[in-house]
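K.L.:
So the protein sequences, as listed, match chains A and B. Okay, so the first sequence: first residue is 2 according to this note's numbering, each after it adds one. Okay, so the second sequence: first residue is 2 according to this note's numbering, each after it adds one. Built from N, CA and C at the ideal position, the CB exists for glycine as well. Mind having a look at this structure? Questions to follow.
Protein chains: 2
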Amino acid sequence: MSDSAKTAVVLVSGGLDSATCLAIAAAQNYTCYAMSFNYGQRAVSELEAAIRIAKRAAVVEHKIIQLDMGVIGGSALTDNAIAVPEHESEGIPVTYVPARNTIFLAYALSWAEVLGADAIFIGVNARDYSGYPDCRPAYIAAFQKLIHLATKTGIEGKTILLETPLIDLSKAEIIKTGNRLGVDYSLTVSCYQANPKGEACGRCDSCRFRMQGFREADVADPTHYQ
Amino acid sequence: MSDSAKTAVVLVSGGLDSATCLAIAAAQNYTCYAMSFNYGQRAVSELEAAIRIAKRAAVVEHKIIQLDMGVIGGSALTDNAIAVPEHESEGIPVTYVPARNTIFLAYALSWAEVLGADAIFIGVNARDYSGYPDCRPAYIAAFQKLIHLATKTGIEGKTILLETPLIDLSKAEIIKTGNRLGVDYSLTVSCYQANPKGEACGRCDSCRFRMQGFREADVADPTHYQ
C-alpha cells in the first residue's frame, strides 16, 4: 500500500483548530473524510463554516451527523436556559458538554471501521481549554485503548490510530502551522455567539483566545467581526 | 445519602437481556432512568418493546435517542442491502454494527453526568454472542477507564460505575434471574426479524438462542411467534 493510500476520518467543527487539523492530515498524505455534528449548538454558522472548510480541502466525503444532544442538556452550548458567560471562571467551563468528545469519537470510530480507515484526527487542545476533561492526553490514550478493543480491526491486529496533532500546541503555534499549510482562516468560525452571517462577537473567551493567537503568531487576523 | 438514593442510567433495547438488566438494577435499589436508541434498526417492534418494558418497570424517565447510524452502514441490522442470515458463520457476525456499544455508552455517559448518576447498566453478554468485540470484559474495562477520564465527576474523584451484571451469564441463567425478579418476558422482543406486531420469526440465531434459554432454564417461553 503506497503512502497516499492512507485514509483518515477527520472531525471538522468549523473552528480554527479542526481546520488546521484537517490541513495537517492532508499534509501527511492521508486521503481525508470529514465528519461534523449538528447537535443543536447555538452557532449554526459554525456548521456552515465546517461545510466550507471541508469543501475547500476537497475531502472525499463530508458526513454531517444529526446528534440528539439537546435533549440531554447540561451545557451552555446546547441548553438555552444557561447563558454563555463572556469570561469563564476557574475550573470546568459551563460550556462543557458532558461526554461530547466521547460521542464524537464513537461516531468517527464507527465510520472509520466501515471505511477501513487508518486513522481518526481530532483537533483537541489541552493548553487553551484545559478545563475540559476530554481534551487531556490521558483521555485520548484511554480512547485509543478503547478503539483497539472495540473494533473488528483491533481483533484482527490492526489498530485505527487516534491522532491529535494540536494537543500540545499553543493557539499561536496552531495558527502558524495552518498558515504555513495554506489554511484560509477567514472560512473558520470560533465564536460561541457568532451571528447568522458567521461574524464573531469579539468578546467571548473563544474570540479572545483567537485574537491573541493571531497577534502572537504575527499573522493577520482575517476574522469577520460584528 | 441513603441506599435508595442511588441512581442509574440503564440501556434498554427491548430484548430479553436488557429487560433483565433493568430488573437487576432496580433490585439493587437503584432509581432507574432508561435510555433507548432509534437507529434505523429493522425491528422497530424492538423499540416498542423497550417502551413497554421501561413503563412496566416504572422508570423515572425514558429517553429515546434518535441515532443517525443508517448513514454509516456496514451492518445487516441497519443496512438494507445486507440480508440477515438465519445462521451466523464463525467469527464476527454480519449483524455487528461498528462501534455501536461505544456510541450507546457515550450517550449514556452524557446523560449520567447530567443526572449526577452513580452507575450505567448495560446488558452485554460475552457468552452467547462472543463474536462482538464490544461485548468483551476487556472492552468494558477500557470504557470504565474512559469514563473516569472523560468526566467532570471523574476529575472530582467520583467515578460513574459501568455495571454489566449479565456479562458472564448463560441465556438460561439470565432467564432464571429475570424470572425470579418478576420480569415479564412476554413484553420483550429478541428477534432480528420480528413482524410489526412484535411476533418473532422463530428461526434466526437470536430466536434460537432465546428458545434454548427458556428450555434450559425450565421456564415457560411466553414469546409470541409468527
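1. Return helix, strand or coil for Glu114 of chain A, following the three-state DSSP convention.
2. Could you tell me whether any Cβ in chain B is nearer than 8 Å to the Cβ of Thr8 of chain A?
3. Looking only at its own chain, which residues have a Cβ that is under 8 Å from the Cβ of Leu163 of chain B, when we skip the five neighbours before and after it?
4. Which chain A residues sit within Cβ distance under 7 Å of Asp135 of chain B?
5. How big is the Cα-Cα spacing for Ala6 of chain A and Trp112 of chain A?
6. Identify each residue in the segment 161 to 186 of chain B for which the Cβ-Cβ distance to at least one residue of chain A is less than 7 Å, and report them in chain order.
7. Output the distance between the C-alpha atoms of Leu170 of chain A and Ala35 of chain A, rounded to the nearest integer angstrom.
8. Excluding the five sequence neighbours on either side, which residues of its own chain have a C-beta within less than 6 Å of the C-beta of Glu49 of chain B, listed in chain order?
9. Are the Cβ atoms of Ile104 of chain A and Tyr108 of chain B separated by less than 8 Å?
10. What separation, rounded to the nearest whole angstrom, lies between the Cα atoms of Ala55 of chain B and Val13 of chain B?
11. Just reading off the alpha helix (DSSP H) that Val45 of chain B is part of, what are its end residues?
12. If we count the other Cβ atoms within 10 Å of its Cβ and call it buried at 16 or more, is Lys198 of chain B buried or exposed?
13. Look at Thr154 of chain B and Glu114 of chain B and say whether their C-beta atoms are less than 8 Å apart.
14. Give me the subset of the segment 100 to 125 of chain A whose CB atoms are less than 7 Å from a CB atom of chain B, sorted by chain position.
15. Shorter than 8 Å from the beta carbon of Ile66 of chain A to some beta carbon of chain B?
16. Bridge partners for Val10 of chain B per DSSP, in chain order?
17. When you check each C-beta in the segment 15 to 36 of chain A against every C-beta of chain B, which residues fall closer than 9 Å?
18. With a threshold of 16 other CB atoms inside 10 Å of the CB of Gly183 of chain B, please say whether the residue is buried or exposed.
19. Suppose you measure from the CA of Arg53 of chain B to the CA of Gly16 of chain B; what does that come to, to the nearest Å?
20. Report buried or exposed for Pro138 of chain A, applying the criterion of at least 16 other Cβ atoms within 10 angstroms of its Cβ.
21. Following the continuous beta strand (DSSP E) through Lys64 of chain A, name the residue where it begins and the one where it ends.
22. Report buried or exposed for Ala201 of chain B, applying the criterion of at least 16 other Cβ atoms within 10 angstroms of its Cβ.
23. Would Asp69 of chain A count as contacting chain B if we go by Cβ distances under 8 Å?
24. So Leu162 of chain A is in the beta strand (DSSP E); what residue range does that whole segment cover?
25. Under a CB-based cut-off of 8 Å, is Gly199 of chain B close to chain A?
26. Since Cys22 of chain A and Val60 of chain A are thought to touch, with beta carbons under 8 Å apart, how far apart are those beta carbons, to the nearest angstrom?
27. Looking at Ile176 of chain B: is its Cβ nearer than 8 Å to the Cβ of Phe210 of chain B?
28. Going by alpha carbons, who is nearest to Arg204 of chain A out of A:Ser187, A:Asp219, A:His225 and A:Asp185?
29. DSSP state of Asn126 of chain A, grouped into three classes?
30. Provide the residue span of the alpha helix (DSSP H) that contains Arg137 of chain B, from first to last.
31. What are the boundary residues of the alpha helix (DSSP H) that Gln213 of chain B is part of?
32. Assuming Asp219 of chain A and Met212 of chain A are in contact, meaning their beta carbons sit under 8 Å apart, how far apart are those beta carbons, in whole angstroms?
33. Please state if the CB of Leu188 of chain A and the CB of Ala20 of chain A are separated by a distance shorter than 8 Å.
34. Using only the alpha-carbon positions, how far apart do Ser207 of chain B and Ala118 of chain A sit?
35. According to DSSP, is Gln227 of chain A helix, strand or coil?
36. For chain A, check one thing: does any of its Cβ atoms lie closer than 8 Å to the Cβ of Ile156 of chain B?
P.N.:
Taking the structure as given:
1. helix
2. no
3. Leu106, Ala120, Ile121, Ile123, Ile141, Phe144, Gln145 and Ile148
4. Ala151
5. One alpha carbon belongs to Ala6 of chain A, the other to Trp112 of chain A, and they sit about 17 Å apart.
6. Along the segment 161 to 186 of chain B, there is no position whose C-beta sits under 7 Å from a C-beta of chain A.
7. C-alpha separation (whole angstroms): 22 Å.
8. Excluding residues up to 5 positions away in sequence, nothing lies with its Cβ nearer than 6 Å to the Cβ of Glu49 of chain B in the same chain.
9. The Cβ atoms of Ile104 of chain A and Tyr108 of chain B lie closer than 8 Å to each other.
10. 8 Å
11. Val45 to Arg57
12. exposed
13. yes
14. Ala100, Thr103, Ile104, Ala107, Tyr108, Leu110, Ser111, Trp112, Glu114 and Val115
15. yes
16. According to DSSP, Val10 of chain B bridges with B:Tyr34 and B:Ile121.
17. none
18. exposed
19. Rounded to the nearest angstrom, the two C-alpha atoms are 11 Å apart.
20. exposed
21. Glu62 to Gln67
22. buried
23. yes
24. Leu162 to Glu164
25. no
26. Actually they do not touch by this definition, with Cβ atoms about 12 Å apart.
27. no
28. Here the closest residue by C-alpha is A:His225.
29. coil
30. Element bounds for Arg137 of chain B: n/a, residue is neither H nor E.
31. From DSSP, the alpha helix (DSSP H) with Gln213 of chain B extends over Asp206 to Ala218.
32. About 13 Å separates the two Cβ atoms, so there is no contact after all.
33. yes
34. 31 Å
35. coil
36. True, the Cβ-Cβ gap to chain A drops below 8 Å.
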